[in-house]
Structure formats: C-alpha cells, structure tokens
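Colleague: Would you mind keeping the following structure in view while I ask a few things?
In my numbering, the protein residues as written are 14 to 523.
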C-alpha cells in the first residue's frame, strides 16, 4: 500500500488568495465585546493564513487608559488555552506586535487630531501609502460623533491612498433614523467608502446561495412560482437576552434579526441573476427584491405578522424565567422576542409564492435555515401509498452546521410499495475537509481589498427599513396591549401557525 497522502479533490483551488495592499486598521470601541470576541480573533486567523499584508497595523482606539502591552496581553489571555499549537502561539506573539493601543474619547476633536499624527507616524515607519480602514465597533449612538470628528480632522480622505469605513448594525432604528444616519455619514464619506456590515453575508452558505442557484442548471429553471410552493426562512436561538434586558427593550427581534439578517437571506433567495458579480450589479438586484415586497396594510397587519414573548419554562433540563422577569425589562413590556410574518413579492418570478419568516429566542435549539418547499407532483399514481408522499424540500443550513440538504421520496426496499422521505446531505466540513472560516474573516478581508459585494448599500438599507417600519409603527400605536406568550423550549406561539393555514401547511420542524 502506498504511503502517499491522499488529497481531497474538492479542495483544489481553495488556496487562491486575494491579498490586500498594506494598510492600517483603526478599531473604534477596541475594548468592547465585538472586538475581543470576533474582530481580533478573525484578524489573527487571517494572519495565520498569510492573508494580511506584511506592513499592516491595528490601532485599537478606546477610552480606557492602558498601554499597548497591557492591551495585547488582555487579548492573549482571553484566547482559549487549548486548541493552539506551539507554532500558533509563536505566530500569536508576532501578530500582537501589529497592535497599537490608542487612548482617546470619541467626542474629543483633539483625540482625532492626535490619531491623525499616529497614523502618519505608523505609515512613515512602515513606508506605506496612507491606506486606512476605520471600523466602528461601538454603540450606534457614537456613530455620528466619530464620523463627524473623522471629517473634522481630515481623516475621511487623503491623496496618497484609500480610506474606507465599516459601520456595524443596527444601521438606524427605523426608516427616518436610517435616512438621517446615511445623510450624516455621506457628508463625510462617499458611498464607495462606506461598508455597512452584516456578518450573515460572510457565512459560507449565504455566499453559496448565488453559486448554488446560478451555477447549477438543474436548479435555476425550477426556481420560480411554477415549481416552488412557498419558502420558509427561520432563525432560532436557545439563549434569552443574556442580561441585556435594558438594551433589548429598545431593540426587539424584528430590529435585531429580521430587518437585516433575514431580509438579506430573502434577497439572495429571490433575486434575479445579476449582469455580473461586481458589487453594484449584485446589490441592484437585491434592491429590486426589496422594492417588490408587497406592503403590509394596517388592516392585514394582524393576519400577516405575529409577535410574542417567551414565558417561563425549561430547556435541556434547566428552568428559565420569562422575558418580563428579566433584569432591565419593564413588567408591562411589549418588546417582542419572537416574530413571524408572511411576505409576498409582486414580480413575475414569485407572484403567488408566500415567503414566511420567523425569528425567536429561547427556542429549543440554535439554528438558521432557508427551506425551499416545492410543489407536489401533479399526479399521484401510488394508490393508498400516495398519502405517504411528501413535498420535496431543499434546505440551506446557515448555522450551526453549514451545508445544503435535499429531501425527496423513495421506495423502501422490500416487496411492498412503502414510500418514505430520505435526505441527501452536503456539509462543508466533511466535503472540503476544513471548517468554514468565521464570517468576519471574509468581510474584513473584502473591506481591505475594496470589494463591497457583501456589504449593504444605502438604498438597500433604507428599503429594508421601509418594509419593517410600518410594522413597528403599528405595534407602537397599539400601546401597552398584552401580546401572546410562548413557553420556553417550544417553537413559538400557536398564533404563528395561523400564518400558514391558508396554504394547508405548517412550520418546518428545525
């Protein structure tokens, strides 16, 4: 037997690299949870893969007084002790040298003038052009202040390199605030410089939706109203508000998940083929989908949208309190921890095909998926066995196990004609031999390269808010009306099942 190591043919071509130009990344909010939990680990992963330029620097901008060495050690100590090889630990020590801590107040113009000098010194020392990427990993309340001070200090553009800014969600609180924020940011940066980030667009399965649809001739011809009965887009979390009750009271799951993540998934499932895969061509088609969403009138609101809160219950043997009993939550709160809705698209491809969207906390498990339910075959010839025939379902699993599965019917081996559904599964980890990278790795790299395809454009963001704002206003007009409850560990309120009753169907079991 040969000792030669076999290779996985599916991994061929995966090492093609896109390397950014030397640049400096400024992270505002560098002591926050997002930076330590996602941004720095993703940058370290890119470094280990040799995907960062040699002359690269990180400026960690935050209010708290500390030295660069102290900040580096905090990040190092926060990493898990297991899972790192000696080579990784050596690389980590090298990576830490990229990080420079900068103490400053977001509201202080002088701090930004000092930041400008810091950038010039680093660029001079590294002998690189003034390529600068700003990341706003701060509460949204700080966005306008940071942007204004960047502009006042002359940091929004330069003659010797590129300048870009990444802004985290939520980008606005409703349509009016999103328009105001877009207007304010565009007074300092051009649209081409602005990268509104939604980390869901960096997930492998989300990126693969367009490839799956448009690169496979067996699926694109049937991706329309003639063959698809309905679509379900589901987001489930087993966790609650995790001590962030006061924060969640101002957000709710519609703003937190549906307005951005799930509407983005809807766009990718429903969009027409773009003329090319450059950023604006793809985003043009996504905006067309959002414009085609039929507005929900006030009269239909209660028939097409359901909201609810989790009530006390148990999950995996552990008892949990209700949302109303969470710290920081008002006892008469109407903030939703679960929302389900039925949307329709007024266009040629999807006329008559309902899109059902749901998102909830304290559900039985963590999972996000898109389920394409195909229509039944027009003629059932199997006699008494026809009752066992089920609709074909194509499922795109976004998290936690990224992959694609197809359910179809098959005869059970044996002398009788029993029919049962079977599933064909594809998983990234098993097929390609490696775990998909974190979404932030891809998005940070794209921003450094200047590829904005996976980022949200201003009109796209505002159209999403245009769809959701009437729902929020309707709820606000209802005042402190009690809303449905669902027990922790269940799949949501019974009221959500009514949304699918007119198509004689039910929510898919996740």
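Cβ atoms here follow ideal geometry from the backbone N, Cα and C, with glycine treated the same way.
Small disclaimer: the values here were computed from a predicted structure and weren't measured.
1. For residue 485, which residues from the same chain have a beta carbon less than 8 angstroms from its beta carbon, with the 5 sequence-adjacent residues on both sides left out?
2. Which class does residue 355 belong to by DSSP, given the choice of helix, strand or coil?
3. Name the one or two DSSP bridge partners that residue 380 has.
4. Between the Cα of residue 53 and the Cα atoms of 148, 103 and 288, which residue gives the shortest distance?
5. Pick helix, strand or coil for residue 525, following the three-state DSSP scheme.
6. So, using beta-carbon positions, are residue 385 and residue 419 closer together than 7 angstroms?
7. Which residues share a DSSP beta bridge with residue 437?
8. In the DSSP assignment, find the alpha helix (DSSP H) that holds residue 199 and state where it starts and stops.
9. From 356, 372 and 93, pick the residue whose C-alpha is nearest to that of residue 350; which is it?
10. By the three-class DSSP mapping on this structure, what secondary structure does residue 74 have?
11. Apply the 10 Å Cβ neighbour rule to residue 211 and answer buried if 16 or more other Cβ atoms are within range, or exposed otherwise.
12. Go ahead and label residue 231 buried or exposed: buried means 16 or more other beta carbons lie within 10 angstroms of its beta carbon, across all protein chains shown.
13. Relative to the C-alpha of residue 202, which candidate in 220, 214, 49 and 176 has its C-alpha closest?
14. Comparing C-alpha positions only, which one of 90, 105 and 32 sits nearest to residue 57?
15. By the 10 Å Cβ neighbour count, where 16 or more other Cβ atoms means buried, how is residue 454 classified, buried or exposed?
16. Please say whether residue 144 and residue 174 have beta carbons closer to each other than 7 angstroms?
17. Roughly how many angstroms lie between the CA atoms of residue 238 and residue 366, to the nearest whole one?
18. For a test of the three-state rule: what should DSSP assign to residue 260, helix, strand or coil?
19. In whole angstroms, what is the alpha-carbon distance linking residue 182 and residue 273?
20. Buried or exposed for residue 356, please, with buried defined as at least 16 other CB atoms from any protein chain shown within 10 angstroms of its CB.
21. What ranges does the beta strand (DSSP E) occupy inside the region 41 to 95, keeping only unbroken runs of at least 3 residues that lie completely in it?
22. If you follow the beta strand (DSSP E) that residue 221 is part of, which residue opens it and which one closes it?
23. Of the choices 121, 458, 118 and 417, whose alpha-carbon is the least far from that of residue 438?
24. Do residue 415 and residue 158 have their C-beta atoms closer together than 7 angstroms?
25. Output the distance between the C-alpha atoms of residue 327 and residue 300, rounded to the nearest integer angstrom.
26. Exposed or buried, residue 236, counting other C-beta atoms within 10 Å across all chains shown (16 or more means buried)?
27. Assuming the contact rule is C-beta atoms closer than 8 angstroms, residue 283 and residue 466 should be a hit. Round their C-beta distance to whole Å, please.
28. Can you give me the C-alpha to C-alpha distance between residue 512 and residue 321, rounded to a whole angstrom?
29. With DSSP run on the structure shown, which of helix, strand or coil describes residue 116?
30. Using 7 angstroms as the threshold, is the C-beta distance between residue 411 and residue 275 below it?
31. Out of curiosity, what's the CA-to-CA distance linking residue 15 and residue 59?
32. Taking one C-beta from the region 78 to 86 and one from the region 123 to 130 each time, how about it: are there three or more such pairs within less than 8 angstroms?
Modeller: Let me lay it out:
1. 187, 267 and 268
2. strand
3. 249
4. 148
5. Because the chain spans 14 through 523 in this model, residue 525 falls outside it and cannot be assessed.
6. no
7. 419
8. 188 to 199
9. 372
10. strand
11. buried
12. exposed
13. 176
14. 105
15. buried
16. yes
17. 6 angstroms
18. helix
19. 8 angstroms
20. buried
21. 70 to 75
22. That residue, residue 221, is in no beta strand (DSSP E); its alpha helix (DSSP H) goes 217 to 227.
23. 417
24. no
25. 41 angstroms
26. buried
27. Going by Cβ atoms, the distance from residue 283 to residue 466 rounds to 17 angstroms, so no, they are not a contact pair.
28. 14 angstroms
29. strand
30. no
31. With a pLDDT of 41 at residue 15, under the threshold of 50, the modelled position of this residue cannot be trusted; read the value that follows with caution. The alpha-carbon atoms of residue 15 and residue 59 are separated by roughly 35 angstroms.
32. no
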